[in-house]
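Protein chains in written order, with our numbering: chain A, 326 to 483; chain B, -12 to 742.
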């Protein structure tokens, strides 16, 4: 697991301060929730996508393969229960077939609800995606401990 | 009915009341047994397995060779001890798992009742180096004490005053089924639930190094059919196969009855189409969301079926996909399913993933069929690496698949990597390498480089040489083929990093192929080395000139190098050039007298490999070069074939003024032979002497066969013509005369060539 650093820190801070609703219009952020069960706080997360090779790694939902380097995927969690957890990001092709997965484990102190942030970088430049121009609507499917929590769609363009 | 194999058996074998419940369940849910049962008894000799204790009070101590392992939520030191256990499934490469029970023999219990949970491990580890802190030498777990799913797969309550030794059973059926359905297998972490126990002593159980009563995995399963072949005709497809026979050492529970065959047209039978155990199907019914059609149901152990128009008929010149499920007398199918919602495939997404399948194209004039089809379960598996006649190895997401090209079945269960595999594995055989094994060398996106024995699936070594990810294939300099100037004692594995965070500080590393030890490292912007951007293409070994060539990006322009030549002995940069960013592996002509390099979206360069001088260049337009170059002739003038965005081209390269005598003063010329032959987003073309055809994967779900002399796209093989399916770079097995290619439907297809 990597923690949010550098320019991504400012994005996280912005998200936490302004709240997700204010940001939805301007960045690649989706919010999904697991249905609440009793009095338990539902697990929630938001996803930010960016070109990790771009100065500041600005959030976006559409990327041009001609100039794109690698896909930065930041996941901000809320209300994660204590214990060890595993986040999996699945990068899903436009045809619905999984292209690649990236897993990370992280720990939350027992007896507390955690809000960890997990960043990953998925290589794109020079891979099959750019070499064969795999344009179209791709999906990031985020799961926690084997349960799909939410998705974020985005575009690869020429 | 044998209750000991029924589903609820997993909860707790030692408790009679649960056995009784199990019997009731079995009696009311017939059938309850599958075909074969075999217990895997672990031993230290099973190289793909392992077990160890993870002890917080001795966080850096490895217990991989211990004969007894301790599990306690809070041991005598006040800290936790856990165990990690992985089974070697090498002897079960092609099975549909119905039940899996892990058995541990407990030799000592504490003084309280505790709940001992098995959690699916989620990160790569090795028995010889794993500790509470580290999963591999020098590499920590993400969370100390092991990375694992928060939710336990199974839990067993062990009473503090229970008699010992006693064997307890954890049901891990769903996890084992996932391992056969595309999920990494790192075994299980076993821990005492702290809220349920806090036993000071916990339990001790025998490890696989113990003299007896080692951990076991009892598997109940059906094997897959083998030797599945299709023969297409005019409006017909005939399938043949061999039915399974009971594995040595298995208990036969019921007889194999026959097969059920599903069919789909112009796309594969879905991996989620799973016939439900206990259900009898009739011909022409459908299964799954894609309405895959049941075209054959047999209970007579038939080994052939001819589809000549059943259930809607066959239309010539379309690709028909067939999947053949073994079935037993109680209607258990060779799927990874214990329970399924009838017809929906709801048990597991990839429940029929490894069931053998094949493709055939009936035609009035040019019928064809795949030699085999193998489903790797993820999109865009890497281009396959080939050991002719022996192995076809492809990386698919985080798994490495080793396919027997004679049968199309996997040699061993997939090898689980710690990160994604992006490119073609580099293979070498026993006779040619310094480690005297059939080996695949594979760099991963998780910063590790892996050496895998392709006969066993065992890791020869795993190293993290420079803590940066790899995307490109490795190069391998074989000492056997190297001249006297190569002074190293063994083969050399070389690879460049794809660290997108820097445009100048990437690395190129050379490893001892026998051990993984770093021999040398070249780092951009260090010393006299120029800036080095990300490396995306495989290195090329120049045995004639004693050099390693590789390519890189160049920070978006021509201000820093992208073409590199290194000395293999010490990594000294012999030469570098700045033609612009290059993602595609350079191609050395058969006589090693010309190096061809493709600038991304730019020109093809012909380079003198001695001086690095560019002798000629050509760019036919259409978006410029989009792949490496295939050299089709053995001597100058060379015929080269390459792809641009939507076309394939052939040019002749000749030196001037004498075609076969090159001079850096007079250079050379490219002359168009044919092109561009239109193909949707073509792959790097493949041809080599003495082939007279060129093979290209298309973005249209086909492999195209072009005539080398004319460029005519004369024949194609339909793999999967569903929208969005792209065929990757093709490979050729010269021993079997197969063209083999991966596609973004997750499958590897083999066709006999020429088409």
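No residue lacks a Cβ here, since even glycine has one placed at the ideal position from N, Cα and C. Please read all numbers here as calculations on a predicted model, not as lab measurements.
Report the residue from the options whose alpha carbon sits nearest the alpha carbon of residue i.
i	options	result
residue 419 of chain A	B:719, B:711, B:741	B:711
residue 296 of chain B	B:738, B:427, B:280, B:448	B:280
residue 453 of chain A	B:737, B:742, B:739, B:715	B:715
residue 534 of chain B	B:400, B:228, B:562, B:101	B:562
residue 679 of chain B	B:235, B:669, B:700	B:700
residue 143 of chain B	B:137, B:164, B:88	B:88
residue 70 of chain B	B:91, B:599, B:503	B:91
residue 528 of chain B	B:506, B:517, B:514, B:479	B:479
residue 654 of chain B	B:709, B:317, B:581	B:581
residue 34 of chain B	B:228, B:448, B:551, B:133	B:448
Can you name, in chain order, every residue of its own chain whose Cβ lies under 6 Å from the Cβ of residue i, other than the five neighbours on each side?
i	result
residue -9 of chain B	With a pLDDT of 27 at residue -9 of chain B, under the threshold of 50, the modelled position of that residue is not reliable, and no figure is offered here.
residue 667 of chain B	685, 686, 687
residue 17 of chain B	Note on residue 17 of chain B: pLDDT 35, under 50, position unreliable in the model; the coordinate value appears next. Taken in chain order, the list of residues that qualify is empty.
residue 410 of chain B	369, 459, 460
residue 545 of chain B	565, 567
residue 722 of chain B	375, 376
residue 37 of chain B	73, 114
residue 188 of chain B	97
Taking all protein chains shown into account, do 16 or more other C-beta atoms lie within 10 angstroms of the C-beta of residue i, making it buried, or fewer, making it exposed?
i	result
residue 362 of chain B	buried
residue 644 of chain B	exposed
residue 649 of chain B	buried
residue 391 of chain A	exposed
residue 437 of chain A	exposed
residue 314 of chain B	buried
residue 446 of chain A	buried
residue 435 of chain A	exposed
residue 411 of chain A	buried
residue 468 of chain B	exposed
Alpha carbon to alpha carbon, what distance is there between residue j and residue i?
i	j	result
residue 476 of chain B	residue 635 of chain B	42 Å
residue 500 of chain B	residue 422 of chain B	7 Å
residue 196 of chain B	residue 406 of chain B	29 Å
residue 467 of chain A	residue 55 of chain B	39 Å
residue 651 of chain B	residue 522 of chain B	28 Å
residue 482 of chain A	residue 32 of chain B	51 Å
residue 272 of chain B	residue 408 of chain B	39 Å
residue 159 of chain B	residue 389 of chain B	25 Å
residue 286 of chain B	residue 702 of chain B	39 Å
residue 11 of chain B	residue 324 of chain B	Residue placement at residue 11 of chain B is flagged as unreliable, the pLDDT there being 28, under the threshold of 50; the coordinate-derived value follows with that caveat. Distance between the alpha carbons of residue 11 of chain B and residue 324 of chain B is about 21 Å.
residue 623 of chain B	residue 566 of chain B	24 Å
residue 362 of chain A	residue 421 of chain A	With a pLDDT of only 46 at residue 362 of chain A, under 50, the local geometry of the prediction cannot be trusted, and the value read off the model is given with reservation. In a straight line, the C-alpha of residue 362 of chain A is about 30 Å away from that of residue 421 of chain A.
residue 72 of chain B	residue 103 of chain B	14 Å
residue 367 of chain A	residue 557 of chain B	57 Å
residue 378 of chain B	residue 80 of chain B	15 Å
residue 569 of chain B	residue 539 of chain B	5 Å
residue 705 of chain B	residue 123 of chain B	44 Å
residue 291 of chain B	residue 247 of chain B	12 Å
residue 443 of chain A	residue 168 of chain B	27 Å
Leaving out five residues on either side along the sequence, give the residues of the same chain with a beta carbon under 8 Å from the beta carbon of residue i.
i	result
residue 351 of chain A	For residue 351 of chain A, the pLDDT reaches just 29, beneath the cut-off of 50, and the residue's location in the model is therefore unreliable, although a value from the coordinates is still provided. 384, listed in sequence order.
residue 725 of chain B	358, 392, 719, 737, 738, 739, 740
residue 612 of chain B	571, 585, 586, 587, 588, 589, 590, 591, 606, 629, 630, 631
residue 120 of chain B	46, 47, 127, 128, 131
residue 473 of chain A	466, 467
Please return the same chain residues whose Cβ sits closer than 7 Å to the Cβ of residue i, not counting the five positions on each side in sequence.
i	result
residue 135 of chain B	106, 107, 108, 109, 176
residue 638 of chain B	605, 627, 657, 658, 659, 660
How would you list, in chain order, the residues of chain C whose beta-carbon sits under 9 Å from the beta-carbon of residue i?
i	result
residue 613 of chain B	Absent here is chain C; the protein component of the structure consists of chains A and B.
Q: For the segment 442 to 453 of chain A, enumerate the residues whose C-beta is nearer than 9 Å to any C-beta of chain B, in chain order.
A: 446, 447, 448, 449, 450, 451, 452, 453
Q | Members of the segment 265 to 289 of chain B near chain A, C-beta cut-off 9 Å | A | none
Q. Of all the residues that make up the segment 414 to 433 of chain B, which are near chain A by a beta-carbon distance shorter than 7 Å?
A. 432
Q.
Please identify, using Cβ separations under 7 Å, the residues of the segment 411 to 422 of chain A that lie next to chain B, in order along the chain.
A. 411, 418, 419, 420, 422
Q. Going along the chain, which residues of the segment 518 to 534 of chain B sit with their C-beta nearer than 9 Å to a C-beta in chain A?
A. 521, 522, 523, 524
Q.
Using a Cβ-Cβ cutoff of 8 Å, what residues of the segment 677 to 711 of chain B are near chain A? List them in chain order.
A. 686, 709, 710, 711
**Q.** chain A contacts from the segment 540 to 565 of chain B (Cβ-Cβ distance under 9 Å)
**A.** 540, 543
Q: Below 8 Å between beta carbons is the criterion; list the residues of the segment 469 to 488 of chain B that meet it against any residue of chain A, in chain order.
A: 485, 487, 488
Q. What residues from the segment 386 to 399 of chain A come within 7 Å of chain B, judged by C-beta to C-beta, listed N to C?
A. 394, 395
Q.
Please identify, using Cβ separations under 7 Å, the residues of the segment 132 to 161 of chain B that lie next to chain A, in order along the chain.
A. 134, 135, 136, 137, 138
Q) Using a beta-carbon distance cut-off of less than 9 Å, what residues from the segment 205 to 232 of chain B approach chain A? A) none
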